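Reviewing the structure listed below.
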Amino acid sequence: MDPIRNPYAPGAGQRPPELAGRDEQLTTFDVVLQRIAKGRPERSMILTGLRGVGKTVLLNALRGQAVRAGWGTGKFEARPDQTLRRPMAAAAHTAVRELGHTHSDQVDHVLGVVKSFAQRDSAPNAKLRERWNPGIDAAAVPGRADSGDIEIDLVELLTDIGGLAQDLGRGIAIFIDEMQDIGPDDISALCAACHEISQSSLPVIVVGAGLPHLPAVLSASKSYSERLFRYACIDRLERDAADAALVVPAQEEHAEFALDALAEMYAVTGGYPYFIQAYGKEVWDLAPGTPITREDVLVAVPRAEAELAVGFFGSRYERATPAERDYLRAMAEVAVVDADGSPVRMGSATEPESELGGGSGAELESVPTSEVAKWLGKQPQSLSPARDALLKKGLIYSTERGRIAFTVPHFGRYLRDHP
Ligand SMILES: Nc1ncnc2c1ncn2[C@@H]1O[C@H](COP(=O)(O)OP(=O)(O)OP(=O)(O)O)[C@@H](O)[C@H]1O
Ligand SMILES: [Mg+2]
């Protein structure tokens, strides 16, 4: 069918043609916004999930909701090598500007606080030209949000921008993507600041998104974080939502899917949003016409898989060193179990191939690190560097003590299919 009219949108953070299956989170957030606007106590929100489930897209949708409610919003993506101060300053700056109030003394003052918060990023004795210039058109307010203690400074920053929003009858929402990448000192300061702000009934909220272990990162930092945040697990889509993600955009282009085509799509995508877009895009381009049939899907699958092997899986695999790759492959192998849950050791000539799908048996979601070590014939401690590096790169995460899992859905299968 006409590739120019292809509605599907595989890509990191790409807005899907139909945001399917997220009504619950959107409704919840609406309630949160309204409650905060009324000065009611509310918790900040954290979205967690695997790669490609749609966290960024949902975060952007929630931001859109806040903007429509007249809130000032800002957003940044955390990076492992960056401290919180600059991106937070930039987000706060955007949020104040979005409040869209013409210059008044109060707005200038708050912008000045954002500026002094930002400029504290440089050493206090840094020469003027070495100082980071956040591009804020107001005079810095010395003595506010610039103590150098990130926790104190965050509280002052959020208090002041929240106070401005409150006076204007509005709110402030700061959105943080890849939140698991914030360093330990900054994450602890952020929790403490959220805690402080939540007691002040100021209309300020932080909305974070990150990998499944983010709640563990937060509670390791501050034990009260379990009560501080409202956690929403963003998962693969249920069958009806997955169908809607394909059918609704097709309908807008006057195209349809046959019922068995939808069933086949669900079987291959597992309901993972990224895969839905990726397979949807290929099948649209290859199908001769509407309705799209199951045969069209079967023809498109190898093409979609080849595309994913390069873009989605391969690019991540490339980032691993040889030792890390061995570790990933061992994880993929020990994850395969047979029907009664006992390990199936693929690759060993004595084991018959499992009957479950393409030679791979049922798959464990997480595997014990001790089993990975055993598979590699190494001492668990000797593998810590590889494991830690993979954790840091966000390719794996620890589900519970002594167990790890891939952050990328279907990664194990990809590794087993690409020896
Ligand atoms: N609810 C949804 N319905 C349909 N498609 C979706 C939905 N959510 C996300 N997508 C699609 O899935 C893909 C991945 O989305 P997104 O980048 O938001 O995932 P993510 O969870 O942020 O991934 P990562 O962890 O890699 O950052 C995009 O192509 C997007 O269009
Ligand atoms: Mg994302």
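Just so we're aligned: 154 in full-length UniProt numbering is position 154 of the sequence shown, and the numbers increase by one with no gaps anywhere. From the three backbone atoms N, C-alpha and C, an ideal C-beta is built for every residue, glycine too. The structure displayed is predicted, hence computed values, not measured ones.
Cutoff 8 Å; reference residue i; Cβ partners in own chain excluding five residues on either side
| i | result |
| --- | --- |
| A258 | P291, I292, T293 and R294 |
| I279 | A quick correction: the sequence has Tyr, not Ile, at residue 279. If we look at Y279 and ignore the five residues flanking it on each side, its Cβ neighbours are M265, V268, T269, V297, A300, V301 and A304. |
| Q65 | L26, F29, D30 and L33 |
| R325 | Y317 |
| G11 | Q277 |
| Q106 | L164 and D167 |
Cβ pair residue i, residue j closer than 9 Å
| i | j | result |
| --- | --- | --- |
| I172 | A165 | yes |
| L84 | A90 | no |
| T27 | A232 | no |
| S43 | R316 | The question names Ser, but residue 43 is Arg in the sequence shown. Not closer than 9 Å, so no. |
| S201 | G72 | no |
| Y414 | A309 | yes |
| G21 | V57 | no |
| E307 | R416 | no |
| P7 | P249 | yes |
| E24 | A244 | no |
| A9 | P3 | no |
| A92 | I161 | yes |
| L390 | A320 | yes |
| V408 | F313 | yes |
| L168 | L99 | yes |
Same chain only: Cβ atoms within 7 Å of residue i, ignoring 5 sequence neighbours per side
| i | result |
| --- | --- |
| S366 | T399, R403, I404 and A405 |
| G116 | Checking the sequence, you will find Ser at residue 116 rather than Gly. Counting only Cβ-Cβ distances below 7 Å, and skipping sequence neighbours, we find A140, V141, P142, R144, A145 and D146. |
| A37 | G171 and P203 |
| L356 | The predicted position of L356 is uncertain, since its pLDDT is 38 and thus under 50; a value taken from the coordinates is nonetheless stated next. A362, listed in sequence order. |
| A69 | L33 |
| D108 | A138 |
| G163 | L202 |
| C191 | L218, S221, K222, S225 and L228 |
| W284 | M1, N6 and Y8 |
Sequence-distant residues of its chain with Cβ nearer than 6 Å to residue i (five each side left out)
| i | result |
| --- | --- |
| Y266 | R239 and A242 |
| T94 | G74 |
| A323 | A386 |
| D373 | The residue you asked about is not Asp; residue 373 is Ala in the sequence shown. So the qualifying residues of the chain are P380 and L383. |
| E282 | A300, R303 and A304 |
| R5 | E253 |
| M45 | V207 and R230 |
| residue 474 | The displayed coordinates of the chain run from 1 to 419. Any statement about residue 474 would go beyond what the structure contains. |
| G271 | R236, L237 and A242 |
| H410 | none |
Ligand 1 heavy atom lying under 8 Å from the CB of residue i
| i | result |
| --- | --- |
| I182 | no |
| I174 | no |
| A241 | yes |
| Y274 | yes |
| P10 | yes |
| G21 | yes |
| L58 | yes |
Three-state class that DSSP yields for residue i in the structure shown
| i | result |
| --- | --- |
| E264 | helix |
| A288 | Correcting the residue type first, residue 288 is Pro in the shown sequence and not Ala. Coil. |
| G148 | coil |
| K392 | helix |
| G412 | helix |
| L47 | strand |
| A362 | strand |
| S398 | strand |
| Y231 | strand |
| A61 | helix |
| residue 430 | The displayed coordinates of the chain run from 1 to 419. Any statement about residue 430 would go beyond what the structure contains. |
| R35 | helix |
| P368 | strand |
| I404 | strand |
| A306 | helix |
| A173 | strand |
| V53 | coil |
Check: residue i C-beta below 8 Å from any heavy atom of ligand 2
| i | result |
| --- | --- |
| D338 | no |
| K55 | yes |
| D235 | no |
| A232 | no |
| F278 | The question names Phe, yet the displayed sequence has Ala at residue 278. Flag unset: Cβ of A278 not near ligand 2. |
| A78 | no |
Any C-beta of chain B under 9 Å from that of residue i
| i | result |
| --- | --- |
| S342 | Among the chains in the structure shown there is no chain B, since it carries only a single protein chain. |
Closer than 8 Å: residue i CB and nearest ligand 4 heavy atom
| i | result |
| --- | --- |
| L415 | In terms of ligand content, the structure shown lacks ligand 4 and carries ligand 1 and ligand 2 instead. |
> With a cut-off of 8 Å, do at least 3 Cβ pairs link the region 202 to 214 to the region 390 to 410?
Replying inline: yes
> Would you say the region 38 to 53 touches the region 219 to 238, given that touching needs at least three Cβ pairs under 8 Å?
Replying inline: yes
> On the three-pair Cβ rule with 8 Å, is the region 217 to 228 touching the region 181 to 196?
Replying inline: yes
> Is there contact here, the region 105 to 114 with the region 131 to 142, by at least three beta-carbon pairs under 8 Å?
Replying inline: yes
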